[in-house]
Amino acid sequence: MAGRIEDYALIGDMQTAALVCRDGTVDWLCLPRFDSHAIFAGLLGTEEHGFWRLGPAHASDQEPPTAARRSYRGDSLVLESEWDTQRGTVRVTDFMPPRDGAPQLIRIVEGVSGRVPMRSALRMRFSYGRVVPWVHKHDGRTVAVAGPDSVWFDTSAETYGKSLTTYADFTVAPGDRIAFTISWQPSHKEPPPLPEPEQSLEATEDFWREWVDHCTYHGPYREAVIRSLITLKALTYAPTGGIVAAPTTSLPEDIGGVRNWDYRYTWLRDAAITLSSLLRTGYREEARAWREWLLRAVAGDPENLQIMYGIAGERELGEAELDWLPGYENSGPVRVGNGAAHQLQLDVYGEVTEALHLAHMTGLARNDYASLLQLKLIRYLEGHWQEPDEGIWEVRGPRRHFVHSKVMAWVAVDRTIKLIESGDADGPLERWKELRDDIHRDVCEKGYDKERNTFTQSYGSKELDASLLLIPQMGFLPPDDKRVIGTIEAIQRELSTPDGFILRYPTEGGNAGVDGLPGDEGAFLACSFWMADDLAMIGRVDEARKLFEKLLSLRNDLGLLAEEWDPHLQRQVGNFPQAFSHVPLIDTALRLTASGAYGG
9 MAGRIEDYAL IGDMQTAALV CRDGTVDWLC LPRFDSHAIF AGLLGTEEHG FWRLGPAHAS
69 DQEPPTAARR SYRGDSLVLE SEWDTQRGTV RVTDFMPPRD GAPQLIRIVE GVSGRVPMRS
129 ALRMRFSYGR VVPWVHKHDG RTVAVAGPDS VWFDTSAETY GKSLTTYADF TVAPGDRIAF
189 TISWQPSHKE PPPLPEPEQS LEATEDFWRE WVDHCTYHGP YREAVIRSLI TLKALTYAPT
249 GGIVAAPTTS LPEDIGGVRN WDYRYTWLRD AAITLSSLLR TGYREEARAW REWLLRAVAG
309 DPENLQIMYG IAGERELGEA ELDWLPGYEN SGPVRVGNGA AHQLQLDVYG EVTEALHLAH
369 MTGLARNDYA SLLQLKLIRY LEGHWQEPDE GIWEVRGPRR HFVHSKVMAW VAVDRTIKLI
429 ESGDADGPLE RWKELRDDIH RDVCEKGYDK ERNTFTQSYG SKELDASLLL IPQMGFLPPD
489 DKRVIGTIEA IQRELSTPDG FILRYPTEGG NAGVDGLPGD EGAFLACSFW MADDLAMIGR
549 VDEARKLFEK LLSLRNDLGL LAEEWDPHLQ RQVGNFPQAF SHVPLIDTAL RLTASGAYGG
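This is the structure in structure tokens:
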């Protein structure tokens with residue numbers, strides 16, 4: 009059985025990623041890309057669906073021991089796990105070198121004290137655990153082949169096969185270092201080069217050290233910010249600049265429920281806010297790469313803008329269910345692809361325009377097509393902003409006039425007006441100023457409940473929605489506006505868990521609500537960070553700091569966050585690690601630092 013979501017560590021090479029559990033098991037790895045088929049899918053099934061365990065040997069009828077300590081080596085994505093056993097202490101270092109050729113996952117076992125018996129158990133299953141590969145020896149190397157894929161396994165330890173699994177039993181003493189590597193290669197090509205684990209380790213550490221050195225944030229929350237930035241960098245597909253929302257699929261928002269989605273794609277919204285955080289902390293190269301990805305993905309057809317694309321800009325992300333996988337803790341179905349790709353979500357136009365605006369304001373070199381794209385997006389919005397849509401949360405119920413969508417349409421127009429006023433674009437300035445005023449007036453008249461002094465989820469609705477917390481952050485209204493304060497306080501009353509964290513919206517106690525789905529979900533971590541931001545903006549800085557530091561305490565021991573927090577089970581839920589949780593962590597840390605609202 010897979011571990012708890014927070015039991016996992018992330019390692020990756022900025023083209024794909026693996027999740028490593030506390031017991032030394034790699035339960036998730038897709039090769040060669042984030043969105044490729046998994047060769048280890050035990051996370052969503054059982055050991056029969058693929059895993060790689062490396063740790064102290066244990067009796068077959070006992071649970072594998074968990075590491076006594078684990079941490080990333082400095083500011084890097086190199087994971088170190090240590091086990092204390094009756095016979096001594098052993099360390100395993102796991103990492104994926106930034107790619108220059110075949111993708112590799114390298115694991116180095118090091119004896120620390122005593123003599124510790126160890127075991128590596130490698131069970132590769134291609135196509136999300138469905139296909140058993142042909143495993144054989146080739147020039148002394150072990151290779152697994154199935155269809156277009158081959159995975160090469162290299163180690164100096166002696167290996168043997170049993171029950172369709174490749175094992176290595178060995179003992180380590182102080183000073184011993186034994187490396188294990190798997191490398192992916194198209195099956196029709198020549199074998200990948202023999203790995204050089206020690207050189208790769210040094211190069212990987214150097215890469216992360218140099219990358220972190222570019223960070224311009226040096227405030228009191230630097231440790232949390234750096235770890236979040238490293239995580240966001242790890243979720244960036246280096247060849248194209250596309251940013252995945254998470255490296256996993258179908259980790260449930262409701263344990264045992266059906267709210268299970270594939271997040272291994274580039275949501276324009278998630279990528280845009282990620283870009284904003286990277287720009288605010290000094291990372292312009294990532295911003296430039298993402299802008300180029302956006303221009304390629306949207307191409308000459310902004311009228312048919314999708315809310316998400318594949319990591320290379322693919323448009324077709326058809327959704328399917330993998331019925332041979334039972335799902336994480338029997339939370340089915342397991343889905344690949346995402347049927348929400350063709351939804352209408354008007355807020356995306358605002359997020360993309362805001363990201364382009366911020367890139368422009370922070371000095372990113374001008375791109376004429378980026379400005380042209382921005383103008384085309386506004387021309388589309390001009391004729392469509394009054395339509396209902398599926399909104400930020402991708403509801404699978406009927407379309408509505410979501411207030412957040414209208415607010416972000418206003419943002420798109422507002423930022424484009426600023427672009428024209430700066431002299432870097434030409435457009436119908438007066439007409440769009442009128443459009444901006446029309447949208448603002450429409451929201452304030454139709455999306456505001458005067459009796460309760462709060463904006464609502466959608467026009468004519470009494471429900472609240474945590475996305476309303478972005479109204480002051482986007483500049484739609486000033487923080488001291490009574491309607492903003494009323495909305496913040498209403499969300500605190502009606503969408504807060506007993507722990508003080510924030511739900512996205514009501515889920516009707518398990519019945520199909522606004523999102524058209526049965527079941528409940530946990531507190532949405534991004535929304536909880538937004539609340540901390542808003543509290544700081546309206547002057548309640550001590551309350552903001554306390555909420556922020558409480559949110560930091562939800563991170564696992566390695567500083568990672570999933571999408572949500574289940575207040576009943578007191579555990580992380582949803583896809584992991586989640587960009588949409590780490591981005592607002594960075595933003596809130598920056599705001600609190602600027603306000604001086606921090607302890608110590």
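Heads up, this note's numbering is the position in the sequence shown plus 8, with the first residue counted as 1.
Each residue gets a CB set at the ideal place from its N, CA and C atoms; glycine is no exception.
What distance in whole Å lies between the Cβ atoms of A254 and Q586, which are believed to be in contact at a cut-off of 8 Å?
Confirmed, Cβ separation roughly 5 Å.
Can you give me the start and stop residues for the alpha helix (DSSP H) that M539 sits inside?
Counting along the chain, the alpha helix (DSSP H) containing M539 begins and ends at L533 to M545.
Pick helix, strand or coil for Q670, following the three-state DSSP scheme.
With the chain covering 9 to 608 only, the question about residue 670 has no answer from this structure.
Measure the C-alpha to C-alpha separation of V581 and A433 and round it to an integer number of angstroms.
Distance between the alpha carbons of V581 and A433: 44 Å.
Give the secondary structure of T163 by DSSP, where H, G and I count as helix, E and B as strand, and everything else as coil.
Strand.
Using 10 angstroms around the beta-carbon of W298, count the other beta-carbons present and answer buried if the total reaches 16, otherwise exposed.
With 16 or more other Cβ atoms within 10 Å, it is buried.
Am I right that P111 and S208 are in contact with their C-beta atoms under 8 Å? What's the rounded C-beta distance?
At roughly 12 Å, the Cβ-Cβ gap does not stay under 8 Å, so P111 and S208 are not in contact.
So, are the CB atoms of V451 and W418 less than 9 Å apart?
Yes, the Cβ-Cβ distance between V451 and W418 is below 9 Å.
Among residues of its own chain, excluding the 5 on either side of D397, which ones have a beta-carbon nearer than 7 Å to its beta-carbon?
L352, Q353, L354, R407, F410 and S413.
Can you check DSSP and say which residues form a bridge with Y456?
Beta-bridge pairing links Y456 to F463.
CA-CA distance, N519 and T505?
Here N519 scores only 41 on pLDDT, less than 50, and its place in the model is too uncertain to base an answer on.
Identify whether D92 lies in helix, strand or coil by the three-state DSSP scheme.
D92: strand per DSSP, three-state reduction.
Counting pairs of Cβ atoms below 8 Å between the region 114-133 and the region 177-188, do you hit three or more?
Taking 8 Å as the limit for Cβ pairs, the verdict is that the region 177-188 does touch the region 114-133.
Skipping 5 residues on each side, what residues in its chain have a beta carbon closer than 8 Å to that of L1?
For the chain, the structure presents residues 9 to 608; residue 1 sits outside this window and is missing.
Just how far apart, CA to CA, sit L303 and V153?
If I take the Cα positions, the gap works out to 37 Å.
Please name the residue or residues paired with V344 in a DSSP beta bridge.
Bridge partners of V344: A328.
In whole angstroms, what is the alpha-carbon distance linking T248 and R501?
C-alpha separation (whole angstroms): 43 Å.
Please list the terminal residues of the continuous alpha helix (DSSP H) segment that includes L555.
Where L555 is concerned, the enclosing alpha helix (DSSP H) stretches over V549 to L560.
Throw me the rounded Cβ distance for the M316 and E359 pair, which I believe falls under 8 Å.
Incorrect: roughly 12 Å between the Cβ atoms, too far for contact.
Considering only C-alpha positions, which residue in the set P199, S466, A295 and F556 is nearest to Y245?
Checked all of P199, S466, A295 and F556; the closest Cα to Y245 is A295.
Name, in chain order, the residues that DSSP records as bridge partners for H196.
Looking at the DSSP assignment, H196 forms no beta bridge with any residue, so it has no partner.
Which residues bound the beta strand (DSSP E) around G20?
First-last of the beta strand (DSSP E) with G20: A17 to G20.
DSSP three-state label for I186, please.
Residue state, collapsed to three classes: strand.
By how many angstroms is the C-alpha of Y16 removed from the C-alpha of R78?
Taking the straight line joining both Cα atoms gives about 11 Å.
From what residue to what residue does the alpha helix (DSSP H) around S171 run?
Per DSSP, S171 belongs to no alpha helix (DSSP H) and is neither H nor E.
Please report the residue range of the alpha helix (DSSP H) in which A76 lies.
A76 -> no alpha helix (DSSP H), and no H or E assigned at all.
Please say whether L600 and V549 have beta carbons closer to each other than 9 Å?
In this structure, L600 lies closer than 9 Å to V549 by Cβ.
What is the rounded straight-line gap between the Cα of G169 and the Cα of R61?
Cα-Cα distance, rounded: 15 Å.
Quick check on DSSP: helix, strand or coil for R115?
Residue state, collapsed to three classes: strand.
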